[in-house]
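Residue numbers (the working numbering): 251 to 353. Glycine included, each C-beta is placed from N, C-alpha and C at the ideal position. On a predicted model such as this, the values are computed, not experimentally measured, just so you know. One structure below.
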């Protein structure tokens, strides 16, 4: 039985492969705020709120773009798992440096 399982393992692993590019698509960033932070439909407070992130919550952010400045920080990050935008102002310091510009 163990031999059968071991021989099927490569086949099972190739059924849904995860490439290096897929794993690198998002950077995990922490929310650096004492309060909940709004994730919006676009990179501005004028867009509707899609979801809220809790203090210290970790989110995958794919890329950044310029938007409405929040406390002089104009970069907003795209959260693909929620399909919304979060001001980089509310993330840990290393987050912005590690993200590419959205295309």
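In this structure, residue 352 places its C-beta atom within 8 Å of the C-beta atom of residue 313. By a beta-carbon distance limit of 8 Å, residue 303 contacts residue 281. Their separation comes to about 5 Å. Between the alpha carbons of residue 301 and residue 347 lies a gap of roughly 24 Å. Looking from the CA of residue 306, the closest CA among 279, 293, 336 and 289 belongs to 279. The continuous beta strand (DSSP E) containing residue 336 extends over residues 334–337. Counted as a single uninterrupted DSSP element, the alpha helix (DSSP H) harbouring residue 347 occupies residues 343–347. Short of 6 Å from the beta carbon of residue 325, and not among the five residues preceding or following it, lie these beta carbons of its own chain, in chain order: 314, 338 and 346. Beta-bridge analysis with DSSP links residue 340 to no other residue.
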